[in-house]
Amino acid sequence: MPDFSQGDDAAAVNALRSAVMRLSRRLKHQRVDESLSPTEMSVLGTLSRCGSATPGELARKEHVQPPSMTRIVALLEAKGLVRLDPHPDDRRQKVVTQTEQAEAMLEESRRKRNAFLASLVAELDEDEWAALRAAAPVLEKLAHI
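Taking my numbering, the leading residue of the sequence shown gets 3, the next gets one more, and so forth.
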């Protein structure tokens with residue numbers, strides 16, 4: 003296992019962290035709805051990828067405390083982006099489901115961010131683009147470890 007605390011490996015980890023953070027910030031600015039916080043957008047993205055979930059499940063997936071998720075879900079519900087349905091097995095719980103309005107907004111947001119990223123990628127030469135294509139699955143794996 004490489005020693006990530008010093009030398010070339012440490013420099014590579016530092017460069018990767020810095021680049022991912024800067025690119026992430028730039029992509030976050032490519033939003034369709036400026037009234038939503040990044041956390042609210044993330045919750046909608048999780049619902050889109052994973053399907054309906056209880057607020058507790060969403061809190062775990064989003065790494066926030068359950069009371070915080072309850073507030074986020076209430077804000078999204080007030081904006082018409084999620085609905086709360088009775089849990090099929092537990093009357094004490096609710097299931098959060100995104101609305102068609104949320105799905106349409108997310109799709110437009112993805113289109114906008116993809117177009118922005120494509121404009122950046124267009125500045126790369128073929129070897130750089132090939133390296134980035136090859137790195138995409140590894141970055142995806144890192145995002146989910």
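Yeah, the Cβ is synthetic: ideal placement off N, Cα and C, and Gly gets one too.
Note that the coordinates shown come from a computational prediction; the quantities given were computed from them, not determined experimentally.
Note that the C-beta distance between residue 67 and residue 76 is not below 8 Å. In the DSSP annotation of this structure, residue 81 is not part of any beta strand (DSSP E), being labelled neither H nor E. Excluding the 5 residues flanking it on each side, residue 42 has same chain C-beta neighbours closer than 7 Å at 74, 77 and 78, in chain order.
The alpha-carbon separation between residue 124 and residue 133 amounts to approximately 14 Å.
Residue 88 carries a strand assignment under DSSP once its states are collapsed to helix, strand and coil.
Contact between residue 44 and residue 105 is ruled out by a C-beta separation of about 15 Å, above the 8 Å threshold. For the alpha helix (DSSP H) assignment, the uninterrupted runs of no fewer than 4 residues enclosed by the stretch 30-76 are, from N- to C-terminal side, 40-52 and 57-64. Residue state for residue 95 is assigned as coil, using DSSP reduced to three classes. Looking at the DSSP output, residue 100 sits in a beta bridge with 84. In this structure, the alpha-carbon of residue 54 lies about 16 Å from that of residue 94.
Remark: fewer than three beta-carbon pairs, one from each stretch, lie closer than 8 Å, so the stretch 9-17 and the stretch 27-38 are not flagged as touching. Following the DSSP letters along the chain, one finds residue 137 inside the alpha helix (DSSP H) bounded by residues 128-146.
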